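> Going by my numbering, the sequence shown opens with residue 1, and the numbers climb by one from there. Dropping the structure in here first, questions after.
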Amino acid sequence: MKNSNSNTKLILLHPYIQKQGSSNRLWLLAFVSFFTIAFLLTLIYTRESITGKPAAVSTTVIGLAVGSSSGSVIVGQPLPTTVINTLLHYASKNNESYHMTYSELKPISDVLRKCSSPCNFLVFGLTQETLLWKSLNHNGRTVFIDENRYYAAYYEELHPEIDAFDVQYTTKISETRELIASAREQIKNECRPVQNLLFSECKLGINDLPNHVYEVDWDVILIDGPRGDGPDGPGRMQPIFTSGVLARSKKGGNPKTHIFVHDYYRDEEKMPGEEFLCKENMVEYNDTLAHFVVERREENSFEYCRKKNNNTLAKDS
């Protein structure tokens with residue numbers, strides 16, 4: 001009987017201990033919850049007393065998803081001027097080589113600020129400023145095109161928020177005059193100013209990008225790639241020609257497209273720039289950055305520039 005009584009006591013005490021432990025945890029949870037709620041109420045009251053506005057009214061828009069042909073974009077308020085100026089300041093003070101100066105960054109930033117949201121921004125070249133462009137157009141769609149598929153994949157892995165595609169350029173700087181002359185000859189056929197480049201055989205057109213890139217009405221285009229060093233380098237004549245066609249072939253959105261070309265002091269940028277973007281469309285030139293505004297054209301338009309281009313294509317002696 002003694003052993004039996006002992007066992008009975010154990011059976012009775014075991015659930016009692018369990019219940020006591022559960023009760024303690026409930027009290028602890030209630031205690032923490034109370035102080036959490038008290039803290040939140042204090043924070044809300046303090047915010048109302050400082051701003052004079054209910055806490056439910058926020059000056060920060062979290063965002064609204066809007067469907068589009070290439071995915072969803074976020075619509076919200078633009079970045080505050082202080083934030084933009086800070087980003088531009090530190091980007092222009094970069095100690096590394098081959099970065100833009102403040103006077104080159106500022107015009108692009110100003111256009112992005114004025115661009116209707118969501119702004120469509122196409123950038124040729126992954127550069128020192130890549131993260132800056134993505135940040136300045138934080139409410140819009142920003143797509144990067146680079147010649148190096150491995151670097152594009154690496155950059156996307158390093159920064160998943162970046163949307164980058166690679167392209168294989170088929171031109172050489174030494175062929176600049178020859179290719180421009182060929183485009184002039186084909187201006188009513190494969191190299192016409194208004195067309196869907198996805199189906200084009202023009203030597204200066206880029207036709208191997210993802211389909212949706214050709215369907216977007218780009219508001220701003222920046223040409224800061226590919227490399228332009230040496231006669232065997234691809235140069236930027238293909239991005240310049242392609243940008244001019246994309247701008248003139250827009251189906252909707254703003255009829256005007258802002259196109260920026262970096263390193264415009266070099267002949268390999270200036271010659272195709274004058275041919276396909278046109279002097280008459282240049283609105284600004286800062287340091288080495290040229291700013292063009294190209295308007296949409298009718299489908300039966302077969303001229304790049306309304307004013308005659310006197311640019312000579314004769315080879316240097």
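Each residue gets a CB set at the ideal place from its N, CA and C atoms; glycine is no exception. All figures in this text were calculated on a predicted structure; none of them were measured in a lab.
(1) Determine contact between the segment 209–225 and the segment 297–310, defined as no fewer than three beta-carbon pairs at a distance below 8 angstroms.
(2) Alpha carbon to alpha carbon, what distance is there between Ser-182 and Glu-201?
(3) Taking the alpha-carbon positions, what's the Phe-241 to Tyr-90 distance?
(4) Classify Ile-145 as helix, strand or coil using the three-state DSSP reduction.
(5) Please confirm whether His-262 and Thr-288 have their CB atoms less than 8 angstroms apart.
(6) For Asp-110, which option in Ala-164, Lys-172, His-291 has the closest C-alpha, if you only look at C-alpha atoms?
(7) Leaving out five residues before and five after Pro-107 in sequence, what residues of the same chain have Cβ atoms less than 8 angstroms from its Cβ?
(8) Determine the extent of the alpha helix (DSSP H) in which Lys-256 is found, giving its start and end residues.
(9) Ends of the beta strand (DSSP E) at Ile-240?
(10) Going by the CB atoms, is the gap between Glu-295 and Lys-256 shorter than 8 angstroms?
(11) Tell me the DSSP secondary structure of Tyr-285 in three-state form.
(12) Would you call the segment 167–176 and the segment 219–236 touching, i.e. three or more CB-CB distances under 8 angstroms?
(13) What distance in whole Å lies between the Cβ atoms of Thr-130 and Phe-144, which are believed to be in contact at a cut-off of 8 angstroms?
(14) What three-state label does DSSP hand Glu-157 in the structure shown?
(15) How big is the Cα-Cα spacing for Lys-345 and Tyr-98?
(16) Give the straight-line distance between the Cα atoms of Pro-239 and Arg-192, rounded to the nearest whole angstrom.
(17) For Glu-295, name the three-state secondary structure that DSSP assigns.
(18) Helix, strand or coil for Ile-187, going by three-state DSSP, please let me know.
(19) Tell me, to the nearest whole angstrom, how far the beta carbon of Gly-140 is from that of Pro-118; I am working on the premise that it is less than 8 angstroms.
(20) Report the rounded CA-to-CA distance for Tyr-169 versus Asp-163, giving the unit in angstroms.
(21) Of the choices Gly-235, Gln-195, Arg-297, Gly-125, whose alpha-carbon is the least far from that of Thr-152?
(22) Rounded to whole angstroms, how far is the Cβ of Asp-166 from the Cβ of Glu-147, which I believe are closer than 8 angstroms?
(23) Per DSSP, which one or two residues make a beta bridge with Leu-318?
Looking at the coordinates:
(1) no
(2) 12 angstroms
(3) 32 angstroms
(4) strand
(5) yes
(6) His-291
(7) Phe-260, Glu-284, Asn-286, Leu-289, His-291
(8) Taken as a continuous stretch (DSSP letters only), Lys-256 belongs to no alpha helix (DSSP H), being part of the beta strand (DSSP E) at 256–262.
(9) It is not in any beta strand (DSSP E) - Ile-240 instead sits in the alpha helix (DSSP H) that spans 237–248.
(10) yes
(11) strand
(12) yes
(13) 6 angstroms
(14) helix
(15) Here the chain comprises residues numbered 1 to 317, so residue 345 is not present and cannot be evaluated.
(16) 15 angstroms
(17) strand
(18) coil
(19) 4 angstroms
(20) 19 angstroms
(21) One point to set straight first is that residue 152 is Ala, not Thr, in the sequence displayed. Nearest C-alpha to Ala-152: Gly-125.
(22) 7 angstroms
(23) Only positions 1 to 317 of the chain appear in the structure, and residue 318 is not among them; the question remains open.
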